[in-house]
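Data first, discussion second: the structure below is written as structure tokens.
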Amino acid sequence: MDIGFIGLGQMGTGMAKNLIAAGHQVTLYNRTRSKAEALAGDGATVADTIADACSGEAVFTMLPDDKALAGIVDGPDGILENLPKGALHISSSTISVAMAERLAASHAEKGQAFLSAPVFGRPDMAAAGKLFVVAGGAAAAIETAKPLFEAIGQRTFAISEEPKGSSLVKLSGNFLIASVIESLGEAIALVDKGGVDKNAYLELLTSTIFGAPVYKTYGGLIVEENFEPAGFPAPLGKKDVDLAMQAGDALNVPLPIASLLHDRFLRLLAHGGETLDWSAMGALAAKDAGRKD
Numbered sequence: 000m001d002i003g004f005i006g007l008g009q010m011g012t013g014m015a016k017n018l019i020a021a022g023h024q025v026t027l028y029n030r031t032r033s034k035a036e037a038l039a040g041d042g043a044t045v046a047d048t049i050a051d052a053c054s055g056e057a058v059f060t061m062l063p064d065d066k067a068l069a070g071i072v073d074g075p076d077g078i079l080e081n082l083p084k085g086a087l088h089i090s091s092s093t094i095s096v097a098m099a100e101r102l103a104a105s106h107a108e109k110g111q112a113f114l115s116a117p118v119f120g121r122p123d124m125a126a127a128g129k130l131f132v133v134a135g136g137a138a139a140a141i142e143t144a145k146p147l148f149e150a151i152g153q154r155t156f157a158i159s160e161e162p163k164g165s166s167l168v169k170l171s172g173n174f175l176i177a178s179v180i181e182s183l184g185e186a187i188a189l190v191d192k193g194g195v196d197k198n199a200y201l202e203l204l205t206s207t208i209f210g211a212p213v214y215k216t217y218g219g220l221i222v223e224e225n226f227e228p229a230g231f232p233a234p235l236g237k238k239d240v241d242l243a244m245q246a247g248d249a250l251n252v253p254l255p256i257a258s259l260l261h262d263r264f265l266r267l268l269a270h271g272g273e274t275l276d277w278s279a280m281g282a283l284a285a286k287d288a289g290r291k292d
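Just so we're aligned, residue 0 is where the sequence shown starts under numbering that gives the first Met the number 0, counting upward by one.
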């Protein structure tokens, strides 16, 4: 397929590389042009403008938040004004439910298709083409995007016929991951202060009934205190928890644990955690227990 790709952070770079490797003709755009130039060749070209990346059958966006996405979508050079009728915008960003609703309506007015297709997985999974894609939108649009999703992921879940559904699912998933990070941090701090080797403890957990990847990945990061470079920066973790709380407000669903996580992220950021991986929140419990840095 002839596609554009906008947003070449750690996740976007891995996704774009796999789309190129799968044989798609990819036009790359990134505000820091050097990141796009590093991937040029072998079926990829670099766009000078956002509009130049929107002339094909589809365009991916992989951006950090609603504000960044709006800056790419809106305006005379944006996606809405330049994507051909019938073409597809695939947003793999973790965005608010309201933003997904707004984009679905705006693209429909322009005769364009829109999918919210956020992904589960860290940068190593993006590089390996092993992401899990959560697709929300019309069945025909999901079918059109199938070869693209196959290039970036190991499985696609068509979770909803409305884009907002997949955005809600992604926010709920990130809320769950943040909950695991906090609870793991507390449990590890407890046994560590009680004299139990935390590495042996993690081995026990992940070899028995806590063998899920989320416990292995984040437990390892917490035990090793391996928070830099950030695979997923702490400010984005806070952003996603806050968006989950906004969704809860809109649906009258109390999320008391999310409120706790909001405060824990605030504590991490207040003490210089802006550049750390969001798993650094799991180290707060040990500090609260009196561990000396």
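A virtual CB, placed ideally from N, CA and C, is assigned to each residue, including glycine.
Counterpart residues of Ser-182 in DSSP-defined beta bridges: Ser-182 pairs with nothing; no bridge assigned.
Meets three-Cβ-pair contact criterion under 8 angstroms: the segment 53-68 and the segment 84-96: yes
Spatial neighbours of Asp-1 within its chain, please: C-beta separation below 6 angstroms, excluding the five flanking residues on both sides. Gln-24, Gly-55, Glu-56
Rounded to whole angstroms, what is the Cα-Cα separation between Asp-276 and Leu-220? 9 angstroms
Burial state of Arg-154, where buried means 16 or more other Cβ atoms lie within 10 Å: exposed
Per DSSP, Thr-155 forms a beta bridge with which residues? Val-132
Give the secondary structure of His-88 by DSSP, where H, G and I count as helix, E and B as strand, and everything else as coil. strand
Euclidean distance between Cα positions of Met-244 and Leu-283: 22 angstroms
Within the segment 7-92, note down every full beta strand (DSSP E) run reaching 3 residues or more, in order along the chain. 24-28, 43-45, 57-60, 87-90
Spatial neighbours of Leu-268 in its chain, beta-carbon cut-off 8 angstroms, leaving aside the 5 residues before and after: Ala-233, Pro-234, Lys-237
Considering only DSSP beta bridges, list what Val-118 is partnered with. Val-132
For Tyr-28 and Ala-15, what's the separation of their Cα atoms in angstroms? 11 angstroms
Within a Cβ cutoff of 8 angstroms, which residues of the same chain sit near Ile-19, ignoring the five residues on either side of it in sequence? Val-25, Leu-38, Asp-41, Gly-42, Ala-43
So, is Val-121 buried or exposed, given that buried needs 16 or more other C-beta atoms within 10 angstroms? Before going further, note that residue 121 is Arg rather than Val in the sequence given. Under this definition Arg-121 is a buried residue.
Alpha helix (DSSP H) containing Phe-4: first to last residue? That residue, Phe-4, is in no alpha helix (DSSP H); its beta strand (DSSP E) goes 1-5.
Tell me whether Pro-117 is buried or exposed, calling it buried when 16 or more other Cβ atoms sit within 10 Å of its Cβ. buried
Given a cut-off of 8 angstroms on the beta-carbon distance, is the pair Leu-79 and Ser-115 in contact? no
Is there a C-beta anywhere in chain D that falls below 8 angstroms from the one on Gly-77? Looking at the structure shown, chain D is missing, and only one protein chain is on hand.
Proximity to Asp-239 [Cα-Cα], best of His-261, Gly-152, Ala-134, Ser-278: His-261
Can you find at least 3 beta carbon pairs, one from the segment 137-144 and one from the segment 164-173, that sit closer than 8 angstroms? no
So Glu-253 is in the alpha helix (DSSP H); what residue range does that whole segment cover? For the record, residue 253 in the displayed sequence is Pro; it is not Glu. Per DSSP, Pro-253 belongs to no alpha helix (DSSP H) and is neither H nor E.
By DSSP's criteria, Asp-276 is part of a beta bridge. Which residues make up the other side? Pro-232
Whole angstroms is fine: what's the gap from Ala-107's alpha carbon to Asp-73's? 14 angstroms
Rounded C-alpha distance that separates Val-132 from Gly-22: 20 angstroms
Selected residue, minimal CA-CA separation from Lys-163, among Lys-215, Ala-257, Ala-86, Gly-135: Gly-135
May I have the straight-line CA-CA distance separating Tyr-214 from Thr-31, to the nearest angstrom? 35 angstroms
From the DSSP output, in three-state form, read off Phe-113 for me. strand
Integer-rounded CB distance, given that Lys-34 should sit under 8 angstroms from Thr-48: About 16 angstroms separates the two Cβ atoms, so there is no contact after all.
Could you check whether Met-10 and Ala-125 sit closer than 8 angstroms to each other, using their CB atoms as the reference points? yes
Determine the closest residue to Phe-119 out of Pro-212, Gly-272, Gly-110, with distance taken between C-alpha atoms. Pro-212
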